[in-house]
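Everything in the sequence shown is counted per UniProt numbering, starting at 1 for the first residue and increasing by one.
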Amino acid sequence: MGSRICVIAIDAVDAETVAAFWSRVLDWPIVEEAEDGFSLAPHEGADLGVDVFTVPERKSVKNRLHLDLRVTGGLTVAQELERLLGLGAVKVDVGQPEDARWTVLADPEGNEFCLLHGRADAP
Numbered sequence: 001m002g003s004r005i006c007v008i009a010i011d012a013v014d015a016e017t018v019a020a021f022w023s024r025v026l027d028w029p030i031v032e033e034a035e036d037g038f039s040l041a042p043h044e045g046a047d048l049g050v051d052v053f054t055v056p057e058r059k060s061v062k063n064r065l066h067l068d069l070r071v072t073g074g075l076t077v078a079q080e081l082e083r084l085l086g087l088g089a090v091k092v093d094v095g096q097p098e099d100a101r102w103t104v105l106a107d108p109e110g111n112e113f114c115l116l117h118g119r120a121d122a123p
């Protein structure tokens with residue numbers, strides 16, 4: 001028997017803003033709200049979720065761990081990139097190659113994540 005990931009935790013000075021951002025990105029509702037943060041999941045009782053916790057300090061260096069997102073459904077990668085930027089993501093340069101098959105973005109507090117250029121439903 002091994003371990004499995006059940007929650008991904010994100011630290012934020014403004015946990016409410018960051019939780020709202022990720023809720024819209026993933027189309028997951030906030031399923032729990034506590035004094036120290038918020039929990040998002042595809043539905044109540046789901047096996048995987050995202051917790052956003054309040055911390056006193058701002059992020060100051062590149063993440064050592066990040067999320068990779070893949071486009072699903074009817075959107076193209078370009079449409080999803082436009083949607084993410086419209087939600088408040090920003091493009092960032094972390095030293096990725098010019099011909100990278102991903103776009104590096106950051107959430108409203110600078111937590112990096114990648115949008116992969118392949119589609120989940122592509123062969």
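Ideal Cβ positions, reconstructed from N, Cα and C, are used throughout, including at glycine.
Owing to the predicted nature of the structure, the values given are computational and were not obtained by experimental measurement.
As assigned by DSSP and simplified to three states, the class of residue i
i: S3; result: coil
i: residue 194; result: The displayed coordinates of the chain run from 1 to 123. Any statement about residue 194 would go beyond what the structure contains.
i: V18; result: helix
i: E35; result: coil
Alpha carbon of residue i to alpha carbon of residue j, nearest angstrom
i: G110; j: T72; result: 24 angstroms
i: A12; j: K59; result: 8 angstroms
i: V18; j: F38; result: 9 angstroms
i: P97; j: D27; result: 30 angstroms
i: G49; j: E80; result: 21 angstroms
i: D93; j: V61; result: 12 angstroms
Range covered by the beta strand (DSSP E) that runs through residue i
i: G49; result: 49 to 54
i: R83; result: That residue, R83, is in no beta strand (DSSP E); its alpha helix (DSSP H) goes 77 to 87.
i: D68; result: 67 to 71
i: G95; result: Careful: G95 lies outside any beta strand (DSSP E) and carries neither H nor E.
i: A106; result: 102 to 106
Short Cβ contact (8 angstroms threshold) for residue i with residue j
i: H66; j: F21; result: no
i: V31; j: A15; result: no
i: residue 186; j: L105; result: Nothing can be reported for residue 186: it is not among the residues displayed for the chain, which extend from 1 to 123.
i: I10; j: V52; result: yes
Whole-number beta carbon distance between residue j and residue i, since they are thought to touch under 8 angstroms
i: L87; j: L115; result: Not really, about 12 angstroms apart at Cβ, beyond 8 angstroms.
i: D68; j: A89; result: With a Cβ gap of about 14 angstroms, D68 and A89 do not count as contacting.
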